[in-house]
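Numbering (our numbering), first residue to last: 47 to 205.
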Ligand code: FES
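Next up, the structure:
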């Protein structure tokens, strides 16, 4: 049976149909995300970079605001993300880290964003650790913070 596009719909029926179009859109959003902005309130020295191995994380607290922040080592680079899920406020950074798949034809798998996809421990919403962008909704994201390794070899988050 041939698929048809409902009247008034902008859903494209290619590959997996509407699912494919939604994923395409999500990846465009992730790819276009801007780097995080510093808020110029100071810095948090997290720990020596060697203490967070690739694929691991450390959760710290901004003492000025009480905000909890997760610092992740993604393939040797460090990224900081707010430890609060925009859905219902779960401690997002306690979730698991995965890859995902790009849209593709049936029986073809295109893994991507390996080690970058953080899944909320409560209801499974997924976010790109590098950009903070949600994978499911162009209008949803979680705050990110500039993060770098200083001359002493410590991971520093700008807040
Ligand atoms: S609180 Fe994170 S998905 Fe619901």
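Idealized CB from N, CA, C, for every residue including glycine.
{"query": "Outcome for residue 190 when other beta-carbon atoms lying within 10 angstroms are tallied against a minimum of 16", "result": "buried"}
{"query": "Bridge-paired residues (DSSP) for residue 255", "result": "This structure cannot speak to residue 255, because the chain is shown only from 47 to 205."}
{"query": "First and last residue of the uninterrupted beta strand (DSSP E) at residue 193", "result": "193-195"}
{"query": "Status (buried if at least 16 other CB within 10 Å, exposed otherwise) for residue 93", "result": "exposed"}
{"query": "6 Å Cβ shell around residue 176 - same chain, five flanking residues per side excluded", "result": "125, 162"}
{"query": "Limits of the beta strand (DSSP E) - the one that residue 173 falls within", "result": "172-174"}
{"query": "Span separating the alpha-carbon of residue 160 from that of residue 123", "result": "13 Å"}
{"query": "Three-way DSSP call (helix, strand, coil) for residue 140 in this model", "result": "helix"}
{"query": "Three-way DSSP call (helix, strand, coil) for residue 145 in this model", "result": "strand"}
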